[in-house]
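Worksheet for the structure shown next.
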Amino acid sequence: MSEVSVADAKAHLTRLLQQVETGEPVQITRRGKPVAVILSQADYQRLAHPRRSFVEFVNEWRAAMAEQDAAFADPQDFEGLRDQGERPVPDLG
Numbered sequence: 001m002s003e004v005s006v007a008d009a010k011a012h013l014t015r016l017l018q019q020v021e022t023g024e025p026v027q028i029t030r031r032g033k034p035v036a037v038i039l040s041q042a043d044y045q046r047l048a049h050p051r052r053s054f055v056e057f058v059n060e061w062r063a064a065m066a067e068q069d070a071a072f073a074d075p076q077d078f079e080g081l082r083d084q085g086e087r088p089v090p091d092l093g
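The sequence shown begins at 1 in UniProt numbering and counts up one residue at a time.
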């Protein structure tokens, strides 16, 4: 991310917008301290509307399936399938 002062940003706004459109955000500083960031519309949309996490997706999917009375496997149905035998402990030393 490049950095420019407020004065330089005012003087070179067109160039900065072209830079931002190519995907490189620009940080605006006042007296050396960051005060703002210019970024592309696409980058802004990604930040403003973050993607759902996998867990959120699964929970929404399950809720939608429940509304449709779709049958789910009960986790207890799988308990008997799990190998309950002892496993050797690897020597890590």
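Don't be surprised by glycine CBs; every beta carbon is placed ideally from N, CA and C. Everything numeric in this text was worked out from a predicted model, so none of it was measured.
- Membership of Val-4 in any alpha helix (DSSP H) is not indicated; the residue belongs instead to the beta strand (DSSP E) covering 2 to 5.
- Under the Cβ criterion (8 angstroms, minimum of three pairs), the segment 14 to 33 does not count as touching the segment 44 to 52.
- Under the 10 Å beta carbon count, Leu-16 is surrounded by 16 or more other beta carbons and is classified as buried.
- Cβ-Cβ separation between Val-20 and Ile-28: approximately 11 angstroms, too far for a contact (criterion under 8 angstroms).
- Judged by beta-carbon spacing, Val-6 lies within the 8 angstroms limit of Arg-30, meaning their Cβ atoms are closer than that value.
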